[in-house]
Amino acid sequence: MKPLKYLQGYPAHLHDQVNRLIAEDRLGAYLSQRYPGKHGIQSDKALYAFTVDLKQAHLRNAPVIDKVLYDNRLDLTHRALGLHTTVSRVQGGKLKAKKEIRVASLFKDAAPEFLQMIVVHELAHFKETDHNKAFYKLCEHMLPGYQQVEFDLRLYLTWQELERQSQG
1 MKPLKYLQGY
11 PAHLHDQVNR
21 LIAEDRLGAY
31 LSQRYPGKHG
41 IQSDKALYAF
51 TVDLKQAHLR
61 NAPVIDKVLY
71 DNRLDLTHRA
81 LGLHTTVSRV
91 QGGKLKAKKE
101 IRVASLFKDA
111 APEFLQMIVV
121 HELAHFKETD
131 HNKAFYKLCE
141 HMLPGYQQVE
151 FDLRLYLTWQ
161 ELERQSQG
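Numbering (UniProt numbering), first residue to last: 1 to 168.
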């Protein structure tokens, strides 16, 4: 059985189940059944509005988000599907910090739940910098079922990689 790099840290019985789905060529069908749709958020402007709406619904006291965009440079080779950054610039005599969220472009064609999971994850970093219990509790608050969607996203990434390997 092939090691599942996106599922490291998960128990062996889950690896066995996923490897069985892969061996039976059913992983794509499983994901299509659970996540049949694709979202319509294709522009950076629409992504910004989507992110601000989520922030307003759950994190009203968090800092203002200055920029949200799809980033072609973020991908699995960089081990980042989304980034939250603070860009400091000198304006006049003051130092201004601008908050930005970048989402990997591969999410333009993903299920809406996967896009929402990535945005929730990056928004949670504005309150909790580390991946600790409070961070995941906040993610679960903003997106009930967060942990299952994160696991399924990892399955999706595994499936995408298998598809690329079979084509190349």
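Glycine is no exception: its CB is placed at the ideal position from the N, C-alpha and C atoms.
As the structure is a computational prediction, the values presented were derived from the model and not from experiment.
Cutoff 7 Å; reference residue i; Cβ partners in own chain excluding five residues on either side
{"i": "residue 116", "result": "143"}
{"i": "residue 127", "result": "59, 62, 138"}
{"i": "residue 72", "result": "105"}
For residue i, the residue or residues it bridges with in DSSP
{"i": "residue 71", "result": "104"}
{"i": "residue 85", "result": "100"}
Buried versus exposed call for residue i [16 or more other C-beta atoms within 10 Å across all chains shown]
{"i": "residue 133", "result": "exposed"}
{"i": "residue 64", "result": "exposed"}
{"i": "residue 122", "result": "buried"}
{"i": "residue 55", "result": "buried"}
{"i": "residue 82", "result": "buried"}
{"i": "residue 90", "result": "exposed"}
{"i": "residue 10", "result": "exposed"}
Beta-carbon contacts of residue i that lie in its chain and below 6 Å, excluding the five residues immediately before and after
{"i": "residue 125", "result": "84"}
{"i": "residue 16", "result": "none"}
Residues of its chain near residue i, where Cβ-Cβ distance is below 8 Å and the 5 sequence neighbours each way are ignored
{"i": "residue 221", "result": "A query on residue 221 cannot be resolved here, the shown segment of the chain reaching from 1 to 168 and no further."}
{"i": "residue 74", "result": "80, 81, 82, 83, 102, 103, 104, 105"}
Beta strand (DSSP E) segments (min. 3 residues) lying fully within the segment 87-145: 94-104
Check whether the segment 138-156 touches the segment 98-114, taking contact to mean three or more Cβ pairs, one atom from each stretch, closer than 8 Å. yes
Where in the segment 35-61 do unbroken runs of the beta strand (DSSP E), each at least 3 residues long, occur, reported from the N-terminal end onward? none
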